[in-house]
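Engineer: For the sequence shown, the residue numbers in our numbering are 19 to 651.
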Amino acid sequence: MSGNGSGAAAASPPDPSVREDIAKELDALRDRLDGAAATNIGFPATSDFDYSALAPFFARYMLNNLGDPYSDGAYPMHTKPMEREVVDMVADLFGAPSADRWGYVAGGATEGTEYALHLASTLHSDAVVYHSAAAHHSVTNVIQRLGLTSIPVRADALGEIDYDDLADQLNLRRNCSAIVVANIGTAVTEAVDDVSRIAEVLDRCAVRRRWIHGDAALSGIPLALLDPDDRPSIDFPAGIDSVVTSGHKFLGAPVPCAVVVVRNSHRLAHARAITYTGSPDTTVGNSRSGLAAMVLWYAIRSHGIEGLRARARKSRQLAAAAHDALREIGWPAHRHKHAMTVSFPTPPAAVAEKWVLATHGATSLIVCMPGVTAEQVDEFVADLRAAITPARGAVPPASRTPVSSPAATAPAAVVVPAQGGPAGRSSGRDPLRRASPPGPAATSATTLPGNGTTTNGFDGHRGGDQPAATRARSTQAGSAQPAATQARSTQASSTQPASTQAASTPPASTQPASIQPAPTGKAPAAVPGAEPLWDCESIEETLAPMPSLAGEPLADVSPAPVPSLAGAALVARSAGVPAEPAPELVPVDAPGDAVDQLPGPAVAAPPPAPPLLPTPPQSLQRQKMLRRAGMPI
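1. Residue range of the beta strand (DSSP E) that Leu44 falls in?
2. In whole angstroms, what is the alpha-carbon distance linking Val210 and Thr293?
3. Is the separation between the beta-carbon of Arg172 and that of Ala151 shorter than 9 Å?
4. Do you know how far the Cα of Arg102 is from the Cα of Thr301?
5. Quick check for students: name the residue ranges of the beta strand (DSSP E) that lie wholly in the stretch 374-415, counting only runs of 3 or more.
6. For Thr131, which of helix, strand or coil comes out of DSSP?
7. So Ile318 and Val147 are supposed to be a Cβ contact under 8 Å. How far apart are they, rounded?
8. I'd like to check one pair, Gly325 with Ala63: are the Cβ atoms closer than 9 Å?
9. So Val360 and His341 are supposed to be a Cβ contact under 8 Å. How far apart are they, rounded?
10. Quick check on the DSSP output: the alpha helix (DSSP H) that includes Asn189 runs from which residue to which?
11. Just confirm the distance between the C-beta atoms of His284 and Leu402, as a whole number of angstroms; I'd bet it's less than 8 Å.
12. Give me the DSSP bridge partner(s) of Tyr93.
13. Would you be able to state if there are at least three C-beta pairs under 8 Å between the stretch 181-190 and the stretch 158-171?
14. Apply the 10 Å Cβ neighbour rule to Leu81 and answer buried if 16 or more other Cβ atoms are within range, or exposed otherwise.
15. Hey, would you say Ile202 sits closer than 9 Å to Asp233, going by beta carbons?
16. Just verifying my parser: in three-state terms, what is the DSSP assignment at Gly322?
17. Count Cβ pairs between the stretch 104-113 and the stretch 157-168 that sit closer than 8 Å; are there 3 or more?
18. Hey, Tyr133 and Val261: beta-carbon distance below 9 Å or not?
19. Using a Cβ-Cβ cutoff of less than 6 Å, which residues in the same chain neighbour Ile347 once the five nearest sequence positions on both sides are dropped?
20. Can you look up Thr158 in the DSSP assignment and give me helix, strand or coil?
21. Can you tell me whether Met95 is buried or exposed? The criterion is at least 16 other CB atoms within 10 Å of its CB, across all chains shown.
22. Using the three-state DSSP reduction, which class does His266 fall into: helix, strand or coil?
23. Counting C-beta neighbours from all protein chains within 10 Å, is the total for Glu178 16 or more, i.e. buried, or is it exposed?
24. Name the one or two DSSP bridge partners that Trp120 has.
25. Just to confirm my understanding: we take Ala138, look at its own chain, exclude 5 residues before and 5 after, and list those with CB closer than 6 Å. What are they?
26. Does Ser168 come out as helix, strand or coil in the three-state DSSP assignment?
27. If Ser251 and Ser214 are in contact, beta carbons under 8 Å, what's the gap, nearest whole angstrom?
28. Pro272 by DSSP, collapsed to three states: which one?
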């Protein structure tokens with residue numbers, strides 16, 4: 019027996035040498051984390067939080083929200099009342115009916131998606147899961163773990179789902195229920211799928227047995243904080259049945275977590291009651307972190323809804339300023355409206371090695387979550403400018419407005435070309451096809467300092483979000499070209515209109531490799547004479563088809579891919595026959611997407627699409643393929 023009468027041996031203090039070793043390791047860890055935090059601008063994690071007021075709870079209590087969040091159960095050391103308040107706050111933001119909502123704080127967005135898809139597939143046992151090629155890799159992981167059949171749907175070059183391709187895939191499987199995963203902020207470009215359009219497609223295809231899940235891990239809370247008249251269609255009134263959003267991204271929990279909300283009417287009614295816990299078994303994990311629920315509650319209570327809204331606004335302003343600053347030094351950049359993410363070609367190795375940037379293929383990004391400062395963005399842009407300046411000759415000192423200046427943090431105006439429709443909307447075009455060369459109305463040629471070479475800026479609105487200086491330079495691009503470049507421009511094909519020859523005939527670039535994206539796994543090596551990277555003509559070639567973020571080819575994501583009856587190329591590929599090259603896109607006069615409609619010289623219209631029904635020689639083969647895939651014939 020110990021001296022305190024507890025019946026347990028008192029813990030002896032660690033040996034002094036052990037304490038010293040522990041202190042050294044913790045100091046080394048702190049130094050490493052502080053160093054990484056100074057240059058971490060590429061991963062979405064709020065870093066300006068202070069939870070020191072909660073330290074006593076971290077140190078003294080094992081907080082376990084065991085079992086169902088709406089049943090306190092037998093274990094008293096929990097924070098379930100706080101958890102329920104957090105769920106209600108998220109449910110309110112996403113418009114969940116007050117009488118038909120249920121949710122919990124999960125270990126992460128992957129768990130939340132797994133819970134939602136498990137509910138959906140239990141309710142619709144014959145369901146096929148549809149997700150875009152830009153979906154997070156965790157979505158395909160969850161689908162595989164649950165043993166569900168999935169169909170990848172095309173995404174456009176900037177990450178939004180192709181609604182026409184979704185309709186084509188749904189039409190092939192009219193007898194099956196449908197589960198559609200809508201991206202509410204993709205990992206690379208922060209693209210948002212329009213939930214109301216997805217619901218319209220399901221209606222048009224007469225799919226009544228359905229479930230729409232919103233993967234809002236990255237952008238859910240910031241978008242939901244927008245004025246309802248200004249935000250995208252992402253909520254329960256638009257048609258979602260479940261949504262998950264991360265707690266450690268915008269809200270700033272210091273531990274990974276997420277909040278999942280579903281319609282209570284869809285929840286499983288046969289949850290088991292566990293006697294010894296005194297709580298129903300309704301969540302994926304039985305033991306759940308009470309600390310995570312407490313820090314989310316603390317963050318929401320501390321900032322309040324208006325405070326969170328102001329934080330989101332400030333982050334968007336910084337992202338807009340970062341976007342403009344990159345373009346001002348001649349480095350292409352893209353930012354979706356309302357996004358905190360700015361994507362751009364991977365910078366030279368010296369810059370990429372210093373800064374913590376999320377990189378996917380040849381594309382890198384910075385995410386201006388709370389905690390990322392204007393000074394960090396200024397330093398990053400200065401490093402990039404210094405890295406690319408030697409390749410462009412003598413350049414006078416930068417005259418751009420620093421991002422840290424108050425004038426630089428105003429939100430950039432979004433300018434949609436007159437020809438286009440609402441930004442981010444699909445025009446129904448095939449994003450896998452190479453577009454015809456853009457005309458001057460579709461792109462803005464930004465003159466690179468020092469050598470007069472022009473590069474078409476990569477912008478999601480085809481000319482929107484440009485600073486005034488960039489737009490001014492765009493109008494002078496033709497006259498600013500060297501004589502050799504102008505001479506090459508005059509040798510363009512005589513079939514092109516004079517107004518488009520300069521824009522559609524790229525100059526023979528002699529830019530050294532130092533201004534190209536970083537080599538060795540991050541970007542293709544520079545090739546003398548190649549076109550400038552990320553020009554508008556090559557966006558589709560650079561980013562489309564959007565690969566799965568899990569690194570798998572598009573056709574291999576589905577356990578049992580089924581050919582489209584309307585796509586001859588897909589049928590040929592499934593049969594091992596080389597497909598015919600796709601025709602070029604042809605500009606049309608009807609309003610459509612500001613991203614996909616690329617004006618250019620008139621070309622012959624492509625041949626009509628193949629008929630929905632296969633020709634007789636293909637019927638037997640198609641029946642075999644559908645039967646092998648387990649789909650109705």
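Backbone N, C-alpha and C define an ideal beta-carbon position, used for all residues, glycine too.
If you're wondering where the values come from, they're calculated on a predicted model, not measured in any experiment.
Structural biologist: Judging by the given coordinates:
1. Element bounds for Leu44: not the beta strand (DSSP E) but the alpha helix (DSSP H), Pro34 to Thr57.
2. Approximately 43 Å between the Cα atoms of the pair.
3. Closer than 9 Å, so yes.
4. Each residue's Cα considered, the two are about 14 Å apart.
5. Within the stretch 374-415, the runs of beta strand (DSSP E) that reach at least 3 residues and sit entirely inside it are, in chain order, 376-378 and 381-385.
6. Secondary structure of Thr131 (DSSP, three-state): helix.
7. Wrong, their Cβ atoms sit about 32 Å apart, outside the cutoff.
8. If you check the CB distance, Ala63 and Gly325 do not come in under 9 Å.
9. Rounded to whole angstroms, the Cβ separation of Val360 and His341 is 5 Å, and the two are in contact under 8 Å.
10. Note, Asn189: alpha helix (DSSP H), Tyr181 to Leu190.
11. That pair is no contact at about 48 Å.
12. In DSSP, Tyr93 forms no bridge with anything.
13. As far as the Cβ criterion goes, the stretch 158-171 touches the stretch 181-190, which means the pair count is three or higher.
14. Around the beta carbon of Leu81, a 10 Å sphere encloses 16 or more other beta carbons of the protein chains shown; the residue is thus reported as buried.
15. The criterion of a C-beta distance shorter than 9 Å is satisfied by Ile202 and Asp233.
16. Per DSSP, reduced to three states, the secondary structure at Gly322 is helical.
17. Between the stretch 104-113 and the stretch 157-168 there are fewer than three inter-stretch CB-CB distances shorter than 8 Å, so the stretches are not counted as touching.
18. Judged by their CB atoms, Tyr133 and Val261 are not nearer to each other than the 9 Å cut-off.
19. Contacts found: Arg403.
20. Helix at Thr158.
21. Burial call: exposed.
22. Three-state DSSP puts His266 in coil, outside helix and strand.
23. It is buried - the Cβ of Glu178 has at least 16 other Cβ atoms within 10 Å.
24. Per DSSP, the beta bridge partners of Trp120 are Val280.
25. Result list for Ala138: Ile197 and Trp229, in chain order.
26. The three-state secondary structure of Ser168, taken from DSSP, is strand.
27. Right, their Cβ atoms sit about 4 Å apart.
28. In this structure, Pro272 counts as coil in the three-state DSSP scheme.
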